[in-house]
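One structure is given here, and the rest of the page talks about it.
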Amino acid sequence: MRGVNTDASLVASLEHALTDPHRPDLILATGDLVQDETRQGYERFRDLLGKPGIPVHCLPGNHDSTDVMQSVLSDAPFRFCGIGDYPPWRLILLNTRIAGSDGGFIAAEELDRLQQALTTHREGHVLVALHHQPLAMGSRWLDTVGLHNADEFLAIIDRHPQVRAIVWGHVHQASDRLRKGVRLISTPSTCAQFLPEADTFTLDTRPPGYRWLDLHPDGTIDSSVVWVE
Ligand SMILES: [Fe+2]
Numbered sequence: 000m001r002g003v004n005t006d007a008s009l010v011a012s013l014e015h016a017l018t019d020p021h022r023p024d025l026i027l028a029t030g031d032l033v034q035d036e037t038r039q040g041y042e043r044f045r046d047l048l049g050k051p052g053i054p055v056h057c058l059p060g061n062h063d064s065t066d067v068m069q070s071v072l073s074d075a076p077f078r079f080c081g082i083g084d085y086p087p088w089r090l091i092l093l094n095t096r097i098a099g100s101d102g103g104f105i106a107a108e109e110l111d112r113l114q115q116a117l118t119t120h121r122e123g124h125v126l127v128a129l130h131h132q133p134l135a136m137g138s139r140w141l142d143t144v145g146l147h148n149a150d151e152f153l154a155i156i157d158r159h160p161q162v163r164a165i166v167w168g169h170v171h172q173a174s175d176r177l178r179k180g181v182r183l184i185s186t187p188s189t190c191a192q193f194l195p196e197a198d199t200f201t202l203d204t205r206p207p208g209y210r211w212l213d214l215h216p217d218g219t220i221d222s223s224v225v226w227v228e
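Just so it is clear: in the sequence shown, position 4 is 3 by numbering that gives the first Met the number 0, and no numbers are missing.
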């Protein structure tokens, strides 16, 4: 895929994370897991990511088959979309995939589910994860395939001060911003990266990468990106 052996780069990224002195408590996979959308591909992902025995929360991207992904990645330690409770934190994973489109959209029932998951967790902290960027990345081609109803999504976020962070994949680059007190974070791909702020599709020379998220009990977050040479 774009000059990268994605199986090898995923294995290398996973091994890098698992051998860190601070072993991860869970894995968050923010979409575009299997480019060819085959059952065999998702089973391979399941066999690899299931090995460490820690929870794996995943959500679909534009390059995923929602049905196949859900059928292969719904049993423990996998969790497809839904909620993950790690008191005082709640993770809310959203499905932004639209069939036949590279851009994203959150359907009405998914917005209702977000609203409900926030209403029932007012006291703790919340991290929302989705595939498509809810804010412009400053990259002309990439921003045509972001979250098309970001305004609706952010209006709900703005009404819930317990939301501490929003995390997404899709953009194959690292970014970390603050908007109205909420951390807005994108993560690099374990495959090839896209050049930030490019007007047209351009690959970056950075290697595969992944991101650490350290969620503290007081609601603050430490986060760093690892590039896996
Ligand atoms: Fe994507």
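The C-beta atom is built at its ideal place from N, Cα and C for all residues, glycine as well.
- Annotation: His171 is outside any beta strand (DSSP E) and is labelled neither H nor E by DSSP.
- Inter-segment contact for the region 47 to 63 and the region 183 to 190 is absent: fewer than three beta-carbon pairs are separated by less than 8 Å.
- Note that the C-beta distance between Val55 and Ala28 is below 8 Å.
- Classified as exposed, Ser73 has fewer than 16 neighbouring CB atoms from the shown chains inside 10 Å of its CB.
- Taking Gly180 as reference, the option from Pro20, Val162, Leu93 and Gly99 with the minimal CA-CA separation is Val162.
- Residue range Ile220 to Trp226 is occupied by the beta strand (DSSP E) that includes Val224, with no alpha helix (DSSP H) assigned at that position.
- A Cβ-Cβ contact shorter than 8 Å links Phe193 with Leu141.
- In the DSSP secondary-structure assignment, Ser185 is bridged to Trp167 and Ser174.
- Here the residues close to ligand 1, judged by CB distance below 5 Å to any of its heavy atoms, are Asp31, Gly60, Asn61 and His169 in chain order.
- Phe152 is classed as buried because its beta carbon has at least 16 other beta carbons within 10 Å across all chains shown.
- Membership of Ile155 in the alpha helix (DSSP H) is indicated by the continuous run Ala149 to Asp157.
- DSSP places Gly81 in the uninterrupted beta strand (DSSP E) bounded by Gly81 to Tyr85.
- Residue ranges of uninterrupted alpha helix (DSSP H) with 4 or more members, entirely inside the region 14 to 99 and ordered along the chain, are 38 to 49 and 65 to 71.
- By the neighbour-count criterion, in which a residue is buried when 16 or more other Cβ atoms sit within 10 angstroms of its Cβ, Asp63 is buried.
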